[in-house]
Structures are given as C-alpha cells and as structure tokens.
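Single-structure report; data block below.
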C-alpha cells in the first residue's frame, strides 16, 4: 500500500514538473518573439526635421508615426531616418514628443533610447551623450523679412548692427556674435517663434539652418533667407561641426553601434533627397 502511494506521489510530482517546464518554455518563447521597441525623442515642432500633424496621412502615401501618449502623429526628415533604422533592425518605432530644452535630460532619465531631432554635434554635448555618425550635414543661413534690404545681402558685414535672434540651446547661439555689432535679442524656444519674430519685424534676422529656412518660406511668404557667399559668411565655432547626429545615452555602445550600422550607405545624396521630400510633405501650418 505504501509502495502504491509512493508511486502515485512520484507520478503527480512528475506531472507538475512537466507543466511548470512547459509554462516556463512557453513564457520564454513568447518573450523572445516580442519585438524590441526603439523609443525616439524629438520636438515634433521643427519642420522639416520633425513636426506634429493630426492624421497619419501623407501626400506620398507614406504614413506618419503616432506620438506616444497623444492622439497626434509625427513626421519629417528625422522620422524618415527613425523609420529606416527601425525597419532595418526589425524593431517597433515609438516617437516621444519633448521640449528641446529638456531633450537630453529626458533620454538620460530613461524616457527614450535615442534623440533623432536635428541635433548638431558639439564637444560639450559629447561629454554627456554619445553620438553616431552624421545623418545630415547642415548649412546655416539668415532668415530675413521678404522685400527688405537684407534680402539681397551677400556677407555678414551687410548685417552690421542688426537685431538678431535664434533658438535657445542650439549650436546657432554661437553664430550670433559673428554678426558685426549685433544687437542680440531674446532667443526663442522654437524655430516657429523665430519665423514669427522676423515676419513681424521684431528682429532683423534669425539664424537657422537652410532646410528650416526653406520650410519657413513655404509656410510664410513674409520671410525669405540669405545664403552668404563663401568666405563672407559664418565660420564654424570651435568645438562644433555641421554634422547632425543621433544621440544615445553615454556608454550605450551596443545601441550606438547598431544605429551606426543602419546609417551605412546613408550618403549625402540620400540626405539631400530625403530632406527635399520632407520639405514638400510638411503641413503648411507647421
């Protein structure tokens, strides 16, 4: 009787062991089949690099990406790059909308994994984040009021004594003092505020990059931009470059390497082609 009872106990233990192992294997299998998520931070307010729109529809039959935690969508050059990377990695893409002033803090706090937001490389930023190879190379210009005398300027000397502004916390801040006898006005949180200040005459000029200026004149015919002649324009400040790079948390070498590999073949010709497309796709109101 004891032997029979012992056999029943052993059989039950075996069945329980099989069930636990099976559940464990199923859980492991389910976990491994889940797609990774690339969480990307950007302003969603910096056309044509990134913008916010109310629907997912685009005129070229592509689709915008939902903005995490909202009912809106994001698109632009940065989103094109993020989608390309996510597709190559086989990951899901998650866009997080964040103010520029806290964008590095948000990543370092773990809110998202990478910043793809038109961020220019600087030695100072490189102390707190790690950068990939460039995914765009920018050229900086001066946004001015259409029809003004400054619209025909060819050198920085033509802007002598002008009231100038730019976006706070950007590499453009160090370009403003290069204008002779500049009257430095309040810097703005967004590029759209720069456009409005120039259009209204509150400032004489605003320093932005060329894609932003091209985007601005499509949306606002009251402004235009000046691309200065070579040798008569801005010089790149020490510790900066014209490279626009993806930022990841300092020490995240694995993600940095994966992103760099995805950017292989993203040549300057591809950059310009995709940026031109982004400019044509932007909502005129953004």
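In mature numbering (1 follows the signal peptide of the UniProt record, and there is no 0), the protein residues as written are -22 to -1, 1 to 264.
Here a beta-carbon is modelled for each residue, glycine too, at the ideal position from N, C-alpha and C.
Candidates the options: which alpha carbon is nearest residue i's?
i	options	result
residue 66	223, 16, 225	16
residue 239	62, 13, 33	62
residue 134	206, 64, 71	206
residue 47	54, 76, 115	76
residue 85	109, 64, 70	109
residue 266	216, 245, 257	With the chain running from -22 to 264 in the structure shown, residue 266 is simply not present.
residue 12	30, 70, 50, 26	70
residue 33	40, 178, 51, 154	51
residue 141	230, 241, 123	123
Would you identify the three-state DSSP class for residue i, choosing helix, strand or coil?
i	result
residue 170	helix
residue 38	coil
residue 165	coil
residue 266	Limits of the chain in this structure are -22 at one end and 264 at the other, which puts residue 266 out of reach.
residue 303	The structure shown has nothing for residue 303, since the chain only spans -22 to 264.
residue 1	Reliability fails at residue 1, whose pLDDT of 43 lies under 50, so the model's placement of it is uncertain and the value that follows must be treated cautiously. If DSSP states are grouped into helix, strand and coil, residue 1 belongs with the helices.
residue 92	strand
residue 158	coil
residue 248	helix
residue 181	coil
residue 102	coil
residue 70	strand
residue 217	coil
residue 56	helix
residue 240	helix
Would you decide whether residue i is buried or exposed? Buried here means 16 or more other CB atoms lie within 10 Å of its CB.
i	result
residue 28	buried
residue 209	exposed
residue 164	exposed
residue 232	exposed
residue 101	exposed
residue 118	buried
residue 72	buried
residue 158	exposed
residue 130	exposed
residue 182	buried
Does the ligand SAH have even one heavy atom less than 8 Å from the beta-carbon of residue i?
i	result
residue 110	As presented, the structure is devoid of all ligands, the ligand SAH included, so that no description of it is given.
- request: Examine the Cβ distances between the stretch 88 to 104 and the stretch 222 to 238 and report whether three or more of them are shorter than 8 Å.
  value: yes
- request: Evaluate contact between the stretch 195 to 206 and the stretch 173 to 187, counting only Cβ atoms and requiring at least three cross-stretch pairs below 8 Å.
  value: Touching, per the Cβ criterion.
contact_flag[the stretch 18 to 33, the stretch 75 to 87] where n(CB pairs < 8 Å) is 3 or more: yes
query: Counting pairs of Cβ atoms below 8 Å between the stretch 247 to 262 and the stretch 53 to 61, do you hit three or more?
result: Flag = yes, the stretch 247 to 262 and the stretch 53 to 61 touch.
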